[in-house]
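For the sequence shown, this note's numbering gives the first residue as 14, with consecutive numbering after it. We put the CB at the ideal spot given by N, CA and C, even for glycine. Small disclaimer: the values here were computed from a predicted structure and weren't measured.
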Amino acid sequence: MERLQKILAQANIASRRKSEEIILEGRVKVNGVIVKELGFKVSKSDQIEVDGKAIERAEHLYFLLNKPTGYVSTTSDEKNRKTVLDLLTEADRQTRLYPVGRLDFDTAGLLLLTNDGDFTKRMTHPEHEVEKEYLARLEGIVIRKKIVQLRKGVIIDKDYLAVPKEVRLLELDKAHQSTLISITLAEGKNKQVRKMCEAIGHPVKKLTRVRYDFLTLEGVERGTYRPLKIHEVKKLYANSAPKN
Ligand code: URA
14 MERLQKILAQ ANIASRRKSE EIILEGRVKV NGVIVKELGF KVSKSDQIEV
64 DGKAIERAEH LYFLLNKPTG YVSTTSDEKN RKTVLDLLTE ADRQTRLYPV
114 GRLDFDTAGL LLLTNDGDFT KRMTHPEHEV EKEYLARLEG IVIRKKIVQL
164 RKGVIIDKDY LAVPKEVRLL ELDKAHQSTL ISITLAEGKN KQVRKMCEAI
214 GHPVKKLTRV RYDFLTLEGV ERGTYRPLKI HEVKKLYANS APKN
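Below you can see the structure in the form of structure tokens.
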């Protein structure tokens, strides 16, 4: 059940504020009956009319995208670069989707897209942000001491102590002088992984987000996407419940 003014706003009738006025003016009918009550709740099956015209209910949509590098995760770009919306079908592009948080232009991997503002707020709330795991290929051979340092936390942005949830050393590539690590964060400061690795003297060569809470890229090729299942959306909500 959702509040009537929220449904009207989602259906692009007007802003939530303006929708409240429209309701108070007696212009809205639910199942043929005028409703002037602002807190009135409606279900999916209720028929809503504004000025005698049935509204088209906007559905909430949730997608899991495997972002390639070379795309910005915004809905438009002032430098005219490709955006993640360019990876969607024409029909899906009409549904006002936008990314939940950001991945850098040069970062690949798991990015959620939605048109549900409450969901986005919930996923990116600093106090209960969900876990995100990255595979990072770093320049040079990272010695154990540096991994320990990274695990304990490093200073980024001059005075912020960034502490990861987990860091695993996956591969030392002597031939190419690089190191592969997995790093899991429960926060999302701008370019956080890159800055943290820079802080231990090993810049990131390649970065991929491989997990978002329990979601992985399994079955989703680079540059493609799939809808989330209802139970997946519910689980994301459950796992990001505010801790009191
Ligand atoms: N950390 C980064 O540095 N970049 C990203 O795109 C995501 C996390």
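Taking buried to mean at least 16 other C-beta atoms within 10 Å of its own C-beta, is residue i buried or exposed?
i: Val176; result: exposed
i: Phe76; result: buried
i: Pro139; result: exposed
i: Ser86; result: buried
i: Val173; result: Sequence check: residue 173 is Tyr here, not Val. Tyr173 is exposed by the Cβ-count criterion.
i: Ile169; result: buried
i: Glu3; result: Any answer about residue 3 is impossible in this case: the structure gives the chain only from 14 up to 257.
i: Ile61; result: buried
i: Ser253; result: buried
i: Tyr238; result: buried
i: Lys54; result: exposed
i: Tyr250; result: exposed
i: Pro112; result: buried
i: Glu103; result: exposed
Using a Cβ-Cβ cut-off of 6 Å (strictly less than) and excluding sequence neighbours within five positions of residue i, which residues of its own chain qualify?
i: Ala71; result: Gln23 and Ala24
i: Gly114; result: Thr137 and Gly201
i: Ile129; result: Going by the sequence as given, residue 129 is Asp instead of Ile. Hits under 6 Å: His73.
Within a Cβ cutoff of 7 Å, which residues of the same chain sit near residue i, ignoring the five residues on either side of it in sequence?
i: Gln18; result: Arg29, Ser32, Glu33, Ile36 and Leu51
i: Leu183; result: Leu193, Ile194 and Ser195
i: Leu230; result: Asn79, Gly122, Leu123 and Val223
i: Ala27; result: Leu21 and Ile35
i: Cys210; result: Ala149, Leu151, Pro216 and Val217
i: Leu185; result: Ile154 and Thr192
i: Asp59; result: Val43 and Asn44
i: Lys49; result: Ile36, Leu37 and Gly39
i: Gly236; result: Asn79, Pro81 and Leu100
i: Lys187; result: Ile154
Write down the C-beta distance between residue i and residue j rounded to the nearest angstrom, noting that I regard them as a contact closer than 8 Å.
i: Asp64; j: Arg40; result: 5 Å
i: Asp117; j: Lys204; result: 6 Å
i: Val167; j: Ala199; result: Contact flag wrong, Cβ pair sits at about 16 Å.
i: Leu98; j: Thr88; result: 6 Å
i: Tyr225; j: Leu110; result: Not quite, the Cβ-Cβ distance comes to about 16 Å (not below 8 Å), so this is no contact.
i: Leu220; j: Val233; result: Actually they are not in contact, since the Cβ atoms of Leu220 and Val233 sit about 18 Å apart, beyond 8 Å.
i: Lys208; j: Phe227; result: Incorrect: roughly 26 Å between the Cβ atoms, too far for contact.
Per the DSSP calculation, residue i is bridged to which residue(s)?
i: Glu91; result: DSSP lists no partner for Glu91.
i: Ser191; result: Glu152 and Asp186
i: Ala121; result: Thr221
i: Leu78; result: Leu124 and Tyr238
i: Glu146; result: Thr197 and Arg224
i: Ile47; result: Lys42
By Cβ distance, which residues of its chain are closer than 8 Å to residue i, with the 5 residues on each side in sequence left out?
i: Val180; result: Ile160, Leu163, Arg164, Ile194, Ser195, Ile196 and Thr197
i: Lys157; result: A small correction: the amino acid at residue 157 is Arg; Lys does not occupy that position in the sequence shown. Correct list, in chain order: Leu182.
i: Glu142; result: Met136, Ala199, Glu200, Gly201 and Ser253
i: Thr96; result: Tyr84, Val85, Ser86, Thr87, Thr88, Ser89 and Asp90
Beta carbon shell of ligand 1 at less than 5 Å from a heavy atom: Leu116, Asp117, Thr120, Lys204, Gln205, Val206 and Arg207
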